[in-house]
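Sequence lines, in order, name chains A and B.
Numbering-wise, the first sequence is residues 565 to 712 according to this note's numbering.
Numbering-wise, the second sequence is residues 565 to 712 according to this note's numbering.
Have a look at the structure below before the remarks.
Number of protein chains: 2
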Amino acid sequence: MDGKNKLSENSEDYLEVILNLQNTQKVARSKEIAKKLNIQRGSITGMLKKLSRKKLVNYEPYGFITLTKKGEKIAREIKRRHIIIKDFLFRVLQVEEKKADAIACRMEHAMDKSTVDMLLKFIAFIDKHPGTDSNWIQEFIDFCSDKE
Amino acid sequence: MDGKNKLSENSEDYLEVILNLQNTQKVARSKEIAKKLNIQRGSITGMLKKLSRKKLVNYEPYGFITLTKKGEKIAREIKRRHIIIKDFLFRVLQVEEKKADAIACRMEHAMDKSTVDMLLKFIAFIDKHPGTDSNWIQEFIDFCSDKE
DNA sequence: AATAAAAGTTAGGTATATATAACTTTTATT
DNA sequence: AATAAAAGTTATATATACCTAACTTTTATT
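Take a look at the structure:
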């Protein structure tokens with residue numbers, strides 16, 4: 565149906581930000597989107613129109629901004645990827661939290677669903693630390709400081 | 565010195581491709597770069613001029629294309645990231661090889677050096693499968709098929 | 001050496017995504 | 001209700017990176 569219409573990274577970022585704003589303040593306001601994306605107010609309108617044309621956001625000039633069903637589905641998937649990737653970077657790879665978040669923000673567009681699914685399984689596997697009765701992540705941390 | 569001049573993903577891709585061509589055929593030819601990047605011949609010149617201005621490639625019209633010291637250093641780092649990320653996706657997460665390669669190609673721009681360094685350590689840690697005397701990756705594969 | 005083919009370049013055009021500044025609509029204040 | 005402030009929009013401009021088609025230079029073939 566709409567399987568081939570791959571969205572740009574920027575479009576995905578807008579959807580994700582709108583989802584987060586929708587969750588915290590019911591509707592997304594143009595000004596808030598601009599702030600979150602670190603973009604000028606004037607640049608928002610054009611993208612909202614584009615996303616509206618693609619039936620991903622409900623947009624009327626001067627009106628409320630919400631995600632459509634279709635837009636929300638995509639936004640949730642992007643957000644899910646973000647959370648999983650950040651978790652891996654932060655908890656497993658020991659990347660500093662803010663940095664983990666920033667990198668996840670970029671990686672979420674590079675990884676597809678099935679790859680992130682595997683990453684999720686992998687984290688679950690680690691959390692169960694099979695084959696050992698000690699904490700697996702702690703072992704990795706120790707492993708890191710042992711070297712050099 | 566040149567710490568803040570962050571390159572675009574496209575620029576990084578050009579450098580990486582030129583490095584690979586340089587390694588296999590001594591110099592990179594415009595036509596080959598175009599083929600590797602899946603871009604038309606006519607689009608190459610402009611980027612080469614830009615990279616030349618930034619002292620990353622040695623470029624003369626109709627001449628050979630090679631990386632400068634500075635360009636090669638960057639290209640090697642990008643390539644290193646690519647190899648490490650692909651290895652993780654393919655060997656650890658069990659992502660199909662071609663796909664792992666394609667995704668690594670995009671992730672390499674999202675991850676910075678120190679994060680990839682941690683990923684490398686992590687893979688080394690896995691390969692030593694501490695805490696167990698069995699093959700760690702195999703355990704993960706089994707873990708995946710156990711579920712559902 | 002002449003000429004055909006291949007490789008590389010140039011110019012003009014497109015798409016995406018941004019900024020700025022002036023303008024309009026909405027909301028809040030008095 | 002009048003008006004000021006805030007939010008949103010529009011128009012114009014910029015930067016990146018690409019395409020196509022015509023052109024030039026280099027290389028290979030006869």
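For each residue, glycine too, the CB sits at the ideal point set by N, CA and C.
About 20 angstroms separates the CB atoms of B/D665 and B/K677; that is not less than 8 angstroms, and the two are not in contact. At a cut-off of 8 angstroms between beta carbons, B/K685 contacts chain A. Boundaries of the alpha helix (DSSP H) harbouring B/I638: K633 to D651, taken from the DSSP string. For A/N622, the uninterrupted beta strand (DSSP E) segment begins and ends at V621 to Y623. Beta bridge pairing from DSSP links B/A592 with B/I629. At a C-beta separation below 9 angstroms, A/F689 has these neighbours in chain B: E703, F704, F707 and C708. Assigned with DSSP and collapsed to three states, B/S616 falls in helix. By the neighbour-count criterion, in which a residue is buried when 16 or more other Cβ atoms sit within 10 angstroms of its Cβ, A/A688 is exposed. Contact annotation: the segment 628–641 of chain B does not touch the segment 632–645 of chain A, with fewer than three C-beta pairs closer than 8 angstroms. The three-state reading of DSSP puts A/L657 in coil, since its state is none of H, G, I, E or B. Look at the beta carbons and you see the segment 573–592 of chain B touching the segment 611–621 of chain B: at least three pairs across the two are nearer than 8 angstroms. Of all alpha-carbon atoms in B/V591, B/K570, B/D681 and B/S698, the one lying nearest the alpha-carbon of B/G627 is that of B/V591.
Per the coordinates, the alpha-carbon of B/W700 lies some 25 angstroms from the alpha-carbon of B/E672.
In this model, A/F686 and A/F704 are separated by some 15 angstroms (Cα to Cα).
A/L653 sits close to A/I667, with the two beta carbons spaced by under 8 angstroms. Close partners of A/V659 in chain B (Cβ separation under 9 angstroms): S678, T679 and M682. For B/M682, the enclosing alpha helix (DSSP H) stretches over residues K677 to D691.
The distance from the Cβ of A/Q604 to that of A/A598 is about 6 angstroms, consistent with a contact at the 8 angstroms cut-off.
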